[in-house]
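Read the structure below first, then the notes.
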Amino acid sequence: MNIRKIYELLYSHYGDLGWWPADNDEEIIIGAVLTQNTSWKNVEIALRRMKDYQILGISEICKSSEDTIKKAIMPSGFYNRKAMTLKRLSSGIIERFGSVEAMKKQSAMDVANFLGSIHGIGPETRDDILLYALGFPAFIIDSYTTRIFSRFTGKEKYQHDLLTGRVPIGDIPLNVEELKNIHAMLVLTAKEHCRKKPVCGGCPLETKCSFALEKEK
DNA sequence: CTCCAGGAGA
DNA sequence: TCTCCGGGAG
């Protein structure tokens, strides 16, 4: 599977999507936690509520009670776990780095290891933060990506360096802007075409996808 | 009422 | 590998 080829197929269809809507990097970090196993629609409601509660920021989270956070983020679901995760992450950032800006000056591996050490932050949330909030190269693997790659390659469980060695990304020939965009494009592809119940017609990957090719026969 | 979408613990 | 955690939307 040639990731560059997939990028070109997607790009000629979608172009630059300009992704992860947020006013600042801290909102991206918070959104990355809230969107765990949750649709972005629900996250938007939760972010709006956090703004209303005046707790939409790293230091604000440190200062506010866990109960207040729970109330604010309720619409995004799993609020007990997520409130604790936001607390641990926020205080960890302040204690370890002092600020989000300071994190960007560290090495990718140091920041990745820090994020991975936070209870409630798994591989996907870690990579969301690394890529979209901090600008480090990371290839984000979520359930959409897994589904698309599995069908595209025709392998039940697609296993590759991409899924095991996400940080650092090694030989993936994509720069940071392309990495941001390919994840955005893969999400759109999954929502529009590569759903649980596939809609292969018009999919940008249709001509090269073994699932679509197999189905045609 | 059913579906959706990460991470941890067992 | 299975189960729990919790909402919003179709």
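Numbering of the first sequence is given in this note's numbering, commencing with residue 39 and proceeding in unit increments.
Backbone N, C-alpha and C fix where the C-beta goes; we use that ideal spot for every residue, glycine too.
For the pair of segments examined, the stretch 52-64 was found to touch the stretch 212-226: the number of CB pairs separated by less than 8 Å reaches three. Nearest C-alpha to Ile-179 among Thr-163, Asp-61 and Arg-189: Thr-163. Closest by C-alpha distance to Pro-175, out of Ile-156, His-157 and Val-149, is Val-149.
Under the 8 Å Cβ criterion, the stretch 86-94 counts as touching the stretch 105-119, having at least three qualifying pairs. Between Leu-153 and Ile-132 the beta-carbon gap is near 14 Å, outside 8 Å, which marks them as no contact.
With respect to Thr-123, Val-71 sits close: the two C-beta atoms are nearer than 8 Å. Nearest neighbour of Pro-161 by Cα position, chosen from Asn-75, Ala-60 and Glu-82, turns out to be Asn-75.
Restricting attention to Tyr-117, Asn-40, Gly-173 and Thr-227, the CA atom closest to the CA of Lys-142 is found in Gly-173. In this structure Lys-218 is buried. Its beta-carbon is surrounded by 16 or more other beta-carbon atoms within 10 angstroms.
Boundaries of the alpha helix (DSSP H) harbouring Glu-65: 63-72, taken from the DSSP string. Less than 8 Å divides the Cβ of Ser-128 from the Cβ of Cys-100. For a cut-off of 8 Å, the C-beta gap from Asn-80 to Gly-115 is around 6 Å, short enough to register as a contact. In the structure shown, Pro-211 adopts coil according to DSSP, grouped into three states. In the DSSP annotation of this structure, Gly-95 is not part of any alpha helix (DSSP H), being labelled neither H nor E. Taking a C-beta distance under 8 Å as the contact criterion, Phe-249 and Met-39 do not qualify as a contact pair.
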